[in-house]
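Novice:
Numbering (this note's numbering), first residue to last: 229 to 553.
1. Kindly identify the DSSP beta-bridge partner or partners of residue 518.
2. Please state if the CB of residue 392 and the CB of residue 412 are separated by a distance shorter than 9 Å.
3. Start and end of the alpha helix (DSSP H) containing residue 270?
4. Among 333, 316 and 517, which residue has its Cα nearest to the Cα of residue 390?
5. Taking residue 485 as the reference, give the member of 502, 366 and 294 with the closest Cα.
6. Let me confirm a value: residue 321 is counted as buried when at least 16 other C-beta atoms fall within 10 Å, else exposed. Which label applies?
7. Could you say which of 510, 523, 462 and 386 lies nearest to residue 199 if we only look at CA atoms?
8. Please confirm whether residue 403 and residue 376 have their CB atoms less than 9 Å apart.
9. Quick check: residue 334 and residue 536, are their CB atoms within less than 9 Å of each other?
10. Cα-Cα, which of 363, 283 and 280 is closest to residue 378?
11. Any idea if residue 240 is buried or exposed, counting beta-carbon neighbours within 10 angstroms, 16 or more meaning buried?
12. So, under 8 Å CB-CB, residue 449 and residue 483 are touching, yes? Tell me the CB distance rounded to an integer number of Å.
13. For residue 240, does the three-state DSSP call read helix, strand or coil?
14. Is it right to say residue 354 is buried, meaning 16 or more other beta carbons lie within 10 angstroms of its own, or is it exposed?
15. Expressed to the nearest angstrom, what Euclidean distance is found between the alpha-carbon atoms of residue 518 and residue 326?
16. To the nearest angstrom, report how far apart residue 434 and residue 291 are at their CA atoms.
17. Can you pull the DSSP bridge partners for residue 406?
18. In the DSSP output, which residue or residues are listed as bridge partners for residue 289?
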């Protein structure tokens, strides 16, 4: 679970003390990518990251939900979640399951609390259009009760595109809840970074050739005006969406890959060291659960098992029937 304030470092406690005395930006929706970038330039990226975290967890929209998930185990025992938990995996989940993109551990958690689980068979590095069609086709074939979608990283982008297709409302009629874990919903500047840097882009092209990936998927994921993901997320009224996002400081990052990604995204401000600009949360609807100290892959040292288990149990009441309104 998220670390309580009294277990954080002296530096983090001083950071939150500064945040508490910060007079501006009382609402989390004010903290857009550009606003956070400006705050980071003046006060430091760590401060901007802590400011957004504080404003989310103390907001009337998300604060009660965060408290519910963090409630003592005795208050959330007895998970009554019904239906199927359907996982939409992250990029390269077939070839690189060790990243967690295959969601195997998440399925194990869901099964321990009594849920049936399945994997939506999207392409391991498929285009947004192809994977969106796979998701719609898979959902259209469901006949047995409600569905809880759980997406990982790129899987959220695949779902976002699926929701924008004709017939999406009918296909998603049985989906009661969507849990978006570290989803790249707005695209990522990391994709654009590789496209703009020939040397690094060449190494990625060689990897794509070796693995049989379509390099054009990087253009799908580029966070740019007019890009494939540059549109507002739209969900049916009956569908409850929950976003779980890592909020790391520079000092939390333990692996070289995460540190490189974090540095490459710093010109845009606070980020999750894996693709998400935290300011993009200001554009989202649904509930947000920020995980302090965790990066895009919920590292270092974060055990997702209790967090996902409690979230699944907390959303059980949302899954009332197999049909949406």
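No residue lacks a Cβ here, since even glycine has one placed at the ideal position from N, Cα and C.
Specialist: Let's see:
1. Position 290 of the chain shown, counting from 1, holds the residue named residue 518. Bridge partners of residue 518: 473.
2. For the purposes of this step, residue 412 is identified with residue 184 of the chain shown, where counting begins at 1. For the purposes of this step, residue 392 is identified with residue 164 of the chain shown, where counting begins at 1. No, they are not a contact pair.
3. Here residue 270 corresponds to residue number 42 of the chain shown, with the count starting at 1. 261–271 is the extent of the alpha helix (DSSP H) around residue 270.
4. Here the question's residue 390 lines up with position 162 in the chain shown. Ranking 333, 316 and 517 by Cα distance to residue 390 puts 316 first.
5. Against the chain shown, residue 485 aligns to sequence position 257. The option with the nearest alpha carbon to residue 485 is 502.
6. Here residue 321 is taken as the residue at index 93 of the chain shown, counted from 1. Burial of residue 321 is indicated by the presence of at least 16 other C-beta atoms within 10 angstroms of its C-beta.
7. Only positions 229 to 553 of the chain appear in the structure, and residue 199 is not among them; the question remains open.
8. In the chain shown, counting from the first residue as 1, residue 403 sits at position 175. In the chain shown, counting from the first residue as 1, residue 376 sits at position 148. Taking 9 Å as the Cβ cut-off, residue 403 and residue 376 qualify as a contacting pair.
9. The residue labelled residue 334 in the question sits at position 106 within the chain shown. The residue labelled residue 536 in the question sits at position 308 within the chain shown. Against a cut-off of 9 Å, the Cβ pair of residue 536 and residue 334 comes out as a contact.
10. Taking the chain shown and counting its residues from 1, the one referred to as residue 378 is at position 150. Nearest C-alpha to residue 378: 363.
11. Numbered from 1 along the chain shown, position 12 holds the residue referred to as residue 240. Taking all protein chains shown into account, residue 240 has 16 or more neighbouring C-beta atoms within 10 Å of its C-beta and is therefore buried.
12. Position 221 of the chain shown holds residue 449. Position 255 of the chain shown holds residue 483. Contact doesn't hold; Cβ gap of about 21 Å is too wide.
13. Locating residue 240 in the chain shown gives position 12, where the first residue counts as 1. Three-state result, residue 240: helix.
14. By one-based count along the chain shown, residue 354 stands at place 126. Residue 354 comes out buried.
15. On the chain shown, residue 518 is found 290 positions in, with the first residue counted as 1. On the chain shown, residue 326 is found 98 positions in, with the first residue counted as 1. Cα to Cα, residue 518 sits roughly 23 Å from residue 326.
16. Working through the chain shown from its first residue, we reach residue 434 at position 206. Working through the chain shown from its first residue, we reach residue 291 at position 63. For residue 434 and residue 291, the distance between alpha carbons rounds to 45 Å.
17. Here residue 406 corresponds to residue number 178 of the chain shown, with the count starting at 1. For residue 406, which the question treats as bridged, DSSP gives the partners 377 and 469.
18. Start at 1 with the first residue of the chain shown, and residue 289 comes out as number 61. Looking at the DSSP assignment, residue 289 forms no beta bridge with any residue, so it has no partner.
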